[in-house]
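Visitor: Supplied in structure tokens, the structure appears directly below.
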């Protein structure tokens, strides 16, 4: 038998976007990585993020054929790299008899309506949510919601990011957007067979990154989100800031998030939960059964002793060590804030204004900004943000001053476009 067949193998399903940093970490630990693409029609922007050299084999999911091929190897784990891989990862884990989440509840972890229903079943705070498949249903539920709430939120039932999220208090606008979404394809190339309507919840927005093993959960990072309205669109991300909470608020967050993970069936693996902190307490927006995307775990290494990816890899390679660490206090070592860039223009980029000044800010650490000749559009969601700038410093006042300086540049227009 060849020596490589004696090595343990980690299978990654759709190792794109949030999952494209995982394989390298397992390789560093001496494991080999196999890749499975969940379906043929994945979006190009996901496929373009694939790192082929990280894998010794790349398969397209074909039920029993894929399982048969993978059974030739000593598979120790099956991981979903991003949203599109969750259901196939659960299925393969069951077929290969390795730890994983229950494949019979995979749809709860992908369908935002079923996710909220699972919170109701577990007697947890939730957002009233209606799943609609017709214009008539949309009108009925929108009218009812607007009788009790000032605004309605509409979004696809199984997409990702802020794809097609629309907020309005105008019934005609709600119906127009609903009609535009129904039976159209979303950013994951899935047809919107249903959309959801929810009341607009007023509260501070947070993201909590977790890792679970055998039902034991650990908080790896807490991020505070800043969002606003730009270019005629709502819920555009302005910043994501690593944060800590006072003891009582942290305790209530931990209890609520861990109960949510139990309710939606995340026993193993990474979790990425978006929540509101309202006057009534913590309230889930949605949870992804996968790592935080957009390179945030790597950026968090600027301020954390161990990142979500570090903890995830540890839970698989050294589960006993991970389990002994789950009660460790979460505490950032430095301040960290990522400015999400927002474009108020569209065209071919000639240059980024004031780039040298930005790179020399005291808290500047890293960035991803448009390059010469790159086409960018008006920012309308997370997918059309032209980049980000990461700031980290021990002095919060310095970080805040640098952030505000970048915001002032952005308001003036950060990009020169070719005429």
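In the working numbering, the protein residues as written are 254 to 672. Just so you know, even glycine gets a beta-carbon here, dropped at the ideal spot from N, CA and C.
#1: Within the same chain, show all residues whose beta-carbon is closer than 6 Å to that of residue 494, passing over the 5 residues directly before and after it, in chain order.
#2: Distance check for residue 628 and residue 611, CA to CA, integer angstroms please.
#3: Is it right to say residue 647 is buried, meaning 16 or more other beta carbons lie within 10 angstroms of its own, or is it exposed?
#4: Check the C-beta distance from residue 539 over to residue 354 and give it rounded, since I have them as a contact under 8 Å.
#5: Between which two residues does the alpha helix (DSSP H) harbouring residue 285 extend?
#6: Terminal residues of the continuous alpha helix (DSSP H) containing residue 520?
#7: Identify every residue that forms a DSSP beta bridge with residue 505.
#8: What number of angstroms, rounded off, separates the C-alpha of residue 654 from the C-alpha of residue 614?
#9: Tell me, please, whether the stretch 365 to 379 touches the stretch 553 to 562 by the rule of three or more beta-carbon pairs shorter than 8 Å.
#10: Can you tell me the Cα-Cα spacing of residue 604 and residue 665, whole angstroms?
#11: Can you tell me which of the three DSSP states residue 541 falls into?
#12: Please classify residue 502 as buried or exposed, where buried requires at least 16 neighbouring CB atoms within 10 angstroms.
#13: Give the secondary structure of residue 279 by DSSP, where H, G and I count as helix, E and B as strand, and everything else as coil.
#14: Check whether the stretch 288 to 300 touches the stretch 328 to 339, taking contact to mean three or more Cβ pairs, one atom from each stretch, closer than 8 Å.
#15: Locate the beta strand (DSSP E) running through residue 486, then write down its first and last residues.
#16: Going by DSSP, what residue range makes up the alpha helix (DSSP H) through residue 270?
#17: Restricting to runs no shorter than 4 residues, where is the alpha helix (DSSP H) found entirely within the stretch 446 to 477?
#18: Is the beta carbon of residue 454 closer than 7 Å to that of residue 529?
#19: Quick test of your reading: residue 449 and residue 371, contact by CB under 8 Å. State the CB separation rounded to the nearest angstrom.
#20: Report, in whole angstroms, the separation of the C-beta atoms of residue 659 and residue 592, which I expect to be a contact under 8 Å.
#21: Taking one C-beta from the stretch 566 to 584 and one from the stretch 305 to 319 each time, how about it: are there three or more such pairs within less than 8 Å?
#22: Looking only at DSSP bridge pairs, what is residue 333 linked to?
#23: Roughly how many angstroms lie between the CA atoms of residue 595 and residue 348, to the nearest whole one?
#24: Applying the 10 Å Cβ sphere with the 16-neighbour rule, what's the burial state of residue 373?
#25: Near residue 430, which residues of its chain fall below 6 Å by C-beta distance, leaving aside the five closest residues on each side in sequence?
#26: Count the CB pairs spanning the stretch 506 to 524 and the stretch 456 to 468 that are closer than 8 Å, and state whether there are at least three.
#27: According to DSSP, simplified to helix, strand and coil, what is residue 624?
#28: Go ahead and pull the three-state DSSP assignment for residue 360.
#29: Report the three-state DSSP secondary structure of residue 481 (helix, strand or coil).
Guide: So, to answer that:
#1: 477 and 590
#2: 21 Å
#3: exposed
#4: At roughly 16 Å, the Cβ-Cβ gap does not stay under 8 Å, so residue 539 and residue 354 are not in contact.
#5: Here residue 285 belongs to no alpha helix (DSSP H); instead the beta strand (DSSP E) covers 285 to 290.
#6: Here residue 520 belongs to no alpha helix (DSSP H), and DSSP marks it neither H nor E.
#7: BP columns for residue 505 are empty, so no partner.
#8: 10 Å
#9: no
#10: 14 Å
#11: strand
#12: exposed
#13: helix
#14: yes
#15: 486 to 495
#16: Residue 270 -> no alpha helix (DSSP H), and no H or E assigned at all.
#17: none
#18: yes
#19: Contact flag wrong, Cβ pair sits at about 14 Å.
#20: 5 Å
#21: no
#22: 266
#23: 44 Å
#24: exposed
#25: 407 and 419
#26: yes
#27: coil
#28: helix
#29: strand
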